[in-house]
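Engineer:
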Amino acid sequence: MTGGCKGWRNVGIRDILFHHPFYMSTNPLPTSLYESLLVKLVTIIQLTQSSEGTATPQSKQALLQATNDYKSAVIRAKELAASLPGGELLVEDQDEVITMLEKLRDRKREQLSKFAARVIVSGGPSALENKMEIDSMASTPFHE
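Position 122, counted from 1, in the sequence shown is what the numbering used here calls 124; the numbers after and before it change by one each time, with no gaps.
(1) To which residues of the same chain is residue 79 closer than 8 Å at the C-beta, ignoring the five residues directly before and after it?
(2) Cα separation between residue 47 and residue 77?
(3) Please state if the CB of residue 49 and the CB of residue 75 are separated by a distance shorter than 8 Å.
(4) I'd like the ranges of any beta strand (DSSP E) spanning at least 3 consecutive residues and lying wholly in the region 69-118.
(5) Does the Cβ of residue 112 have 16 or more other Cβ atoms within 10 Å, making it buried, or fewer, making it exposed?
(6) Would you mind sorting residue 90 into buried or exposed? The rule is 16 or more other CB atoms within 10 Å of its CB.
(7) Using the C-alpha atoms, what's the distance from residue 86 back to residue 32?
(8) Helix, strand or coil for residue 31 per DSSP?
(9) Do you know how far the Cα of residue 72 is from the Cα of residue 66?
(10) Could you check what DSSP says for residue 64 in three-state terms: helix, strand or coil?
(11) If we count the other Cβ atoms within 10 Å of its Cβ and call it buried at 16 or more, is residue 6 buried or exposed?
(12) Spatial neighbours of residue 64 within its chain, please: C-beta separation below 6 Å, excluding the five flanking residues on both sides.
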């Protein structure tokens, strides 16, 4: 195995996609920045809807400051979102993930074939057929 992905054999697909340290960001997004966007927008709306409006130089300055604050926060949020890691695996790491998924697929196929062999060997109407018969009788309207 190459790269920083050791121990794939003991890792489930959910672990790979959601919890494996290789895929977790070391610099999570500051959620407070995104939460503050709404507050900043509400401030702008309140300033424009106030009784004073934009009639005085002070209100114009407050609106300009709030707008610039909102604008800079949006720019920063876009930069952070654009720089999120993900989807960039080295070819070796992609091969490792593909190999792991193929092994998982092969194990599932083997389990299915063993299960199918057990059902065929048991002979007679299977429990599944009996259940289907009961289900079809239950869903048939009663007629006298």
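All C-beta atoms in this analysis are idealised placements derived from N, C-alpha and C, irrespective of residue type, glycine included.
Structural biologist: According to the data block:
(1) Residue numbering aside, residue 79 sits at position 77 when the sequence shown is read from its first letter. If we look at residue 79 and ignore the five residues flanking it on each side, its Cβ neighbours are 35, 36 and 39.
(2) Position 45 of the sequence shown holds residue 47. Position 75 of the sequence shown holds residue 77. Approximately 19 Å, taken between the alpha carbons.
(3) Within the sequence shown, numbered from 1, the residue matching residue 75 stands at position 73. Within the sequence shown, numbered from 1, the residue matching residue 49 stands at position 47. No, Cβ-Cβ distance for residue 75 and residue 49 is not below 8 Å.
(4) none
(5) Position 110 of the sequence shown holds residue 112. Result: exposed.
(6) For the purposes of this step, residue 90 is taken as residue 88 along the sequence shown, with counting starting at 1. Residue 90 comes out exposed.
(7) In the sequence shown, the residue the question calls residue 32 occupies position 30. In the sequence shown, the residue the question calls residue 86 occupies position 84. Using only the alpha carbons, I get a separation of about 12 Å.
(8) Residue numbering aside, residue 31 sits at position 29 when the sequence shown is read from its first letter. DSSP places residue 31 in coil when its eight states are reduced to three.
(9) Looking up residue 66 in the sequence shown gives position 64. Looking up residue 72 in the sequence shown gives position 70. For residue 66 and residue 72, the distance between alpha carbons rounds to 10 Å.
(10) Sequence index remark: in the sequence shown, residue 64 carries index 62 (1-based). Residue 64: helix per DSSP, three-state reduction.
(11) Position 4 of the sequence shown, counted from the start, is the residue given in the question as residue 6. With a pLDDT of 46 at residue 6, under the threshold of 50, the modelled position of that residue is not reliable, and no figure is offered here.
(12) The residue labelled residue 64 in the question sits at position 62 within the sequence shown. Only 49 meet the Cβ criterion.
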